[in-house]
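Scroll down for the structure; my scribbles are underneath it.
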Amino acid sequence: MSSSVNKRLLLWSVDEIKQGQLWPIALSLTMIIACIFGLAALAERMEQVIVKQGKDALSADTIYISDNPITEDNLELLTSSNLQASFYTRFATMSFSDSGMQLITVKAVDDAFPLRGTLTLASNEHKQHHVGPDELWLDERIADQLAVKQGDIVAVGDAELTVSGLIVEEPGISFNPFQQMPTAYIHQHSVEETGAIQLGSRVQFRAYLTGSDDVLANLKENITLSPSDRWRDKDSASRSNDIFERTTQYLSLTVAIIIIMAATTLVLTCQNYVQSRRKTVAMLKSLGASKRWVVRWLAIQAGLLVTMAIVVGLLLGVGLEYLLRIPLTELLPSPLPSYGVLPAVIAVASSLLIGIPALGIPLYKLVSVSSVEVLQSADEKRFGWIYLLLAVPVIPLVIVYQNNTLIWILLAGIAGLFGVLGAVSVLCTWLLGRVSLPVSLKLAISRINRSKRHTALQYGALGLSLMLLTTIWLVRTDLLSDWQRTLPADAPNAFALNIAEHEIESYLQILDENSVQRSQAFPISRGRLALINGEDAQQAQTQGEENTDALSRELNFTYATAIPNYNEVIEGAWTTTNGVSVEQQVAESLNIKIGDELGFTINGQKVSAKVNSIRFVEWRDMKPNFYFIFTPDVMEAIPSAWLVSFRIEPKDNALISSLSRQYSTVSLMDIRIMGEKIQSLLSQIVWSITVLAALGVLAGVLLIFTLLRLSLAQRQDELRLYRTLGASRQRIIRTIWSEYGIMALIAGLVATLGAEIVVGLIMKLGFELPWSWHLSTWVVVPVLAFVTLAAVLFSLIRQMLSTNNNGIS
Numbered sequence: 008m009s010s011s012v013n014k015r016l017l018l019w020s021v022d023e024i025k026q027g028q029l030w031p032i033a034l035s036l037t038m039i040i041a042c043i044f045g046l047a048a049l050a051e052r053m054e055q056v057i058v059k060q061g062k063d064a065l066s067a068d069t070i071y072i073s074d075n076p077i078t079e080d081n082l083e084l085l086t087s088s089n090l091q092a093s094f095y096t097r098f099a100t101m102s103f104s105d106s107g108m109q110l111i112t113v114k115a116v117d118d119a120f121p122l123r124g125t126l127t128l129a130s131n132e133h134k135q136h137h138v139g140p141d142e143l144w145l146d147e148r149i150a151d152q153l154a155v156k157q158g159d160i161v162a163v164g165d166a167e168l169t170v171s172g173l174i175v176e177e178p179g180i181s182f183n184p185f186q187q188m189p190t191a192y193i194h195q196h197s198v199e200e201t202g203a204i205q206l207g208s209r210v211q212f213r214a215y216l217t218g219s220d221d222v223l224a225n226l227k228e229n230i231t232l233s234p235s236d237r238w239r240d241k242d243s244a245s246r247s248n249d250i251f252e253r254t255t256q257y258l259s260l261t262v263a264i265i266i267i268m269a270a271t272t273l274v275l276t277c278q279n280y281v282q283s284r285r286k287t288v289a290m291l292k293s294l295g296a297s298k299r300w301v302v303r304w305l306a307i308q309a310g311l312l313v314t315m316a317i318v319v320g321l322l323l324g325v326g327l328e329y330l331l332r333i334p335l336t337e338l339l340p341s342p343l344p345s346y347g348v349l350p351a352v353i354a355v356a357s358s359l360l361i362g363i364p365a366l367g368i369p370l371y372k373l374v375s376v377s378s379v380e381v382l383q384s385a386d387e388k389r390f391g392w393i394y395l396l397l398a399v400p401v402i403p404l405v406i407v408y409q410n411n412t413l414i415w416i417l418l419a420g421i422a423g424l425f426g427v428l429g430a431v432s433v434l435c436t437w438l439l440g441r442v443s444l445p446v447s448l449k450l451a452i453s454r455i456n457r458s459k460r461h462t463a464l465q466y467g468a469l470g471l472s473l474m475l476l477t478t479i480w481l482v483r484t485d486l487l488s489d490w491q492r493t494l495p496a497d498a499p500n501a502f503a504l505n506i507a508e509h510e511i512e513s514y515l516q517i518l519d520e521n522s523v524q525r526s527q528a529f530p531i532s533r534g535r536l537a538l539i540n541g542e543d544a545q546q547a548q549t550q551g552e553e554n555t556d557a558l559s560r561e562l563n564f565t566y567a568t569a570i571p572n573y574n575e576v577i578e579g580a581w582t583t584t585n586g587v588s589v590e591q592q593v594a595e596s597l598n599i600k601i602g603d604e605l606g607f608t609i610n611g612q613k614v615s616a617k618v619n620s621i622r623f624v625e626w627r628d629m630k631p632n633f634y635f636i637f638t639p640d641v642m643e644a645i646p647s648a649w650l651v652s653f654r655i656e657p658k659d660n661a662l663i664s665s666l667s668r669q670y671s672t673v674s675l676m677d678i679r680i681m682g683e684k685i686q687s688l689l690s691q692i693v694w695s696i697t698v699l700a701a702l703g704v705l706a707g708v709l710l711i712f713t714l715l716r717l718s719l720a721q722r723q724d725e726l727r728l729y730r731t732l733g734a735s736r737q738r739i740i741r742t743i744w745s746e747y748g749i750m751a752l753i754a755g756l757v758a759t760l761g762a763e764i765v766v767g768l769i770m771k772l773g774f775e776l777p778w779s780w781h782l783s784t785w786v787v788v789p790v791l792a793f794v795t796l797a798a799v800l801f802s803l804i805r806q807m808l809s810t811n812n813n814g815i816s
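Take 8 as the starting number for the sequence shown in our numbering and just add one per residue.
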């Protein structure tokens with residue numbers, strides 16, 4: 008008997024779905040699963056690609072760096088850690104050929120280097136990607152300067168090595184013009200032969216490591232770092248690597264907003280379905296159906312809906328992820344990294360967690376409908392405990408995003424702004440009601456103001472939807488604007504270092520005569536910060552907010568008559584004598600204030616200066632930047648070499664070669680290849696977040712579309728009344744357009760204000776970036792709301808009026 012009843016219930020449930028009553032809920036669940044799967048799958052792939060790019064730029068997963076030879080104990084730990092390791096030594100020395108000499112950076116590597124990324128070395132016969140014993144590979148500029156070719160002998164320090172070929176491509180995108188000179192690669196076996204590493208030599212020793220995160224973390228715990236040791240990973244490889252972290256944060260933010268908007272759509276459609284079936288349930292109960300029977304009937308329907316939504320949603324999600332990848336085809340690696348089963352698990356789990364309260368609360372209320380409602384409407388019973396189901400998605404949300412500042416800013420914004428959006432919108436319509444308006448507008452305002460609670464909820468939901476999709480797009484826009492500063496179109500791509508005092512004027516004259524865009528020239532001297540207000544500067548390190556490397560190594564100091572125009576003075580003012588300007592992070596770390604007396608040791612001489620200003624330095628700009636900039640009088644007695652940056656184009660290649668020959672002691676660093684690497688990485692990230700942002704906007708538009716459709720559907724009885732009272736078709740159409748036009752305008756403007764507030768908080772507290780108003784958004788968002796509204800009206804209004812005519816005639 009029970010199986011027969013279940014079979015009849017199943018058939019009836021299938022008929023209920025076929026009739027279209029449950030399609031809005033099914034579509035909402037399917038959209039949730041498809042969007043979450045598509046986004047999560049693409050985000051998983053993109054995160055793998057971005058992380059791989061970061062590790063390729065680093066040439067490993069992690070690097071152990073020391074200014075002293077690696078101790079035997081640490082070397083034992085590194086080699087016995089079951090990690091893939093490569094050892095590297097970098098030093099500067101002179102190189103000589105029969106035709107010239109050049110100061111160069113020597114990178115001594117082993118057979119395994121690089122563990123990640125690409126090193127391309129080209130000889131006349133072939134290309135290779137690793138350095139072999141007794142080989143010498145030269146930067147093209149060194150070969151040109153020394154006038155050597157493959158097979159010639161070059162003296163590197165005391166070693167005489169045969170040129171194996173040229174360096175075509177190096178791994179990594181790190182940028183520090185003060186530590187880079189033309190490069191030569193040799194094998195580790197040749198280091199001792201060069202005799203270049205002596206007591207007091209400036210040498211850096213590295214161990215590149217690749218392996219599992221757990222093993223790397225365990226190794227870091229076991230190795231004791233001296234003051235000259237440090238670790239570098241993808242998060243600390245350079246000041247540009249915050250791009251990776253911010254991209255990951257943006258992916259999480261976008262997925263969270265999509266879930267919120269899809270869940271809102273589901274809740275609204277469930278509420279609408281329940282309202283439409285109250286009479287049906289009341290009639291079933293009046294005919295003798297028990298509460299248990301109704302529960303089974305609704306449970307079968309819910310089960311069918313969820314099953315169909317999971318199957319169809321996952322299939323659509325796979326297709327959606329494929330479509331999202333089409334614009335990224337040229338940027339993604341081949342073969343693509345697999346996204347595994349995690350996106351499917353996330354999509355299904357998220358939909359179930361959202362569906363439990365979204366379906367459970369309204370369906371429980373539906374089950375509790377009284378049979379009395381067959382005859383007359385009754386107030387809903389209050390079941391406070393049923394709202395505990397809201398904890399089902401909230402608790403996992405707290406666990407997953409507990410450390411994600413952006414998500415909590417967003418959720419706080421949603422909670423706070425929902426009521427504000429509704430209240431401000433109602434206030435605006437109330438004020439409009441006090442203005443003399445045409446009849447259609449008056450009717451529309453009267454209709455809106457008739458139920459302030461309903462109007463506030465409607466405006467709040469619509470405004471919140473617009474706010475969320477606007478937030479996605481504005482965060483994307485602000486991030487891209489900030490990232491473009493990393494490599495602007497006119498960024499310098501060449502640096503000339505070690506220009507002698509007697510050469511600087513003629514060197515700059517040649518650049519100017521050839522119309523080469525250049526920076527101002529900076530005199531460079533090396534030294535250390537020794538005293539702060541007469542006390543040892545090392546003692547101030549623990550007082551600061553953050554650690555800094557300003558005390559752990561020699562720094563490059565410069566002097567100028569004014570602060571560079573690309574540095575922003577945030578405190579104090581430039582003086583003409585006995586002054587020094589300090590970079591903001593160093594000042595905060597060492598608790599340096601305006602007026603403090605700083606003592607320095609520069610080129611063996613002791614000098615002092617008073618802090619006259621504190622500057623914000625954008626280190627990602629590929630321009631000469633300094634921790635300390637002195638007034639000229641402080642360093643006038645200290646000898647300096649000069650540095651200038653400039654932008655070279657392909658037409659300037661002959662000029663660069665000529666400069667290298669004419670100024671043989673000047674180190675010319677061409678960073679065009681590195682710039683192309685950075686630009687490629689940025690392009691990949693830009694496309695990724697643009698596609699994700701576009702999908703988020705699409706989900707927001709679908710939510711707004713659903714809101715407006717439900718709102719219009721609820722107007723059926725009211726439209727019948729208008730026609731019964733003799734209102735013309737044109738009057739009704741004008742009234743509806745007026746009402747929803749006002750709704751689009753007010754909700755769009757209020758949502759834009761809310762989005763500006765939320766984006767400002769996200770940029771300042773989440774990304775720690777500057778924020779400014781987005782004036783164009785104040786036009787675009789209301790227009791978007793109106794266009795979506797127009798699409799809804801065109802799709803429904805004729806059908807609604809036709810139905811009403813039929814009902815009246």
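Built from N, CA and C at the ideal position, the CB exists for glycine as well.
Residue i and residue j look like a contact to me (Cβ under 8 Å); what is the Cβ gap, rounded to whole Å?
| i | j | result |
| --- | --- | --- |
| GLN278 | PRO369 | 5 Å |
| ILE39 | ALA263 | The Cβ separation is near 13 Å, so there is no contact. |
| VAL170 | LEU143 | 6 Å |
| GLN516 | ASP497 | With 8 Å as the limit, GLN516 and ASP497 do not qualify as a contact, their Cβ atoms being about 22 Å apart. |
| GLN546 | LEU558 | Between LEU558 and GLN546 the Cβ distance is about 10 Å, and since that is not below 8 Å, they are no contact. |
| LEU153 | SER102 | 7 Å |
| SER532 | SER647 | 5 Å |
| ILE160 | ALA191 | Wrong, their Cβ atoms sit about 14 Å apart, outside the cutoff. |
| PRO789 | GLY755 | 3 Å |
| SER522 | PRO499 | In fact, because the Cβ distance is near 15 Å, the residues do not count as touching under 8 Å. |
Under a CB-based cut-off of 8 Å, is residue i close to chain B?
| i | result |
| --- | --- |
| LEU312 | Absent from the structure: chain B. Only one protein chain is present. |
Are the beta-carbon atoms of residue i and residue j separated by less than 8 Å?
| i | j | result |
| --- | --- | --- |
| LEU90 | GLY202 | no |
| TRP626 | ILE511 | no |
| GLY470 | ALA50 | no |
| ALA616 | PHE633 | no |
| GLY324 | PHE502 | no |
| ALA365 | VAL442 | no |
| SER665 | ASN619 | no |
| ARG622 | ASN574 | yes |
| LEU46 | THR261 | yes |
| LEU538 | PHE635 | no |
| THR100 | PRO189 | no |
| TYR95 | ARG213 | yes |
| ALA67 | LEU126 | no |
| VAL766 | ASP543 | no |
| LEU800 | PHE653 | no |
| ASP236 | ILE479 | no |
Please classify residue i as buried or exposed, where buried requires at least 16 neighbouring CB atoms within 10 angstroms.
| i | result |
| --- | --- |
| ALA244 | A caution first: ALA244 carries a pLDDT of 43, below 50, which makes its placement in the model too unreliable to give a value. |
| SER247 | Confidence at SER247 is low in this model, with a pLDDT of 45, below 50, so its placement is unreliable and the value that follows should be read with caution. So SER247 ends up on the buried side. |
| GLU763 | buried |
| SER472 | buried |
| THR477 | buried |
| ALA644 | exposed |
| ARG668 | exposed |
| ASN81 | buried |
| LEU434 | exposed |
Taking 7 Å as the cut-off, is the CB of residue i close to at least one heavy atom of the ligand NAD?
| i | result |
| --- | --- |
| ALA798 | Although the ligand NAD was asked about, the structure shown includes no ligands whatsoever. |
Quick check for students: name the residue ranges of the beta strand (DSSP E) that lie wholly in the stretch 578-607, counting only runs of 3 or more. 586-590
Is the stretch 297-316 close to the stretch 401-413, with three or more CB pairs under 8 Å? no
Are at least three pairs of beta-carbons, each pair with one atom in the stretch 224-234 and one in the stretch 122-138, less than 8 Å apart? no
Whole runs of the alpha helix (DSSP H) within the stretch 119-199, excluding any shorter than 4 residues: 147-153
Extract the residue ranges of the beta strand (DSSP E) inside the stretch 501-564, only unbroken runs of 3 or more that lie entirely within it. 501-506, 529-539
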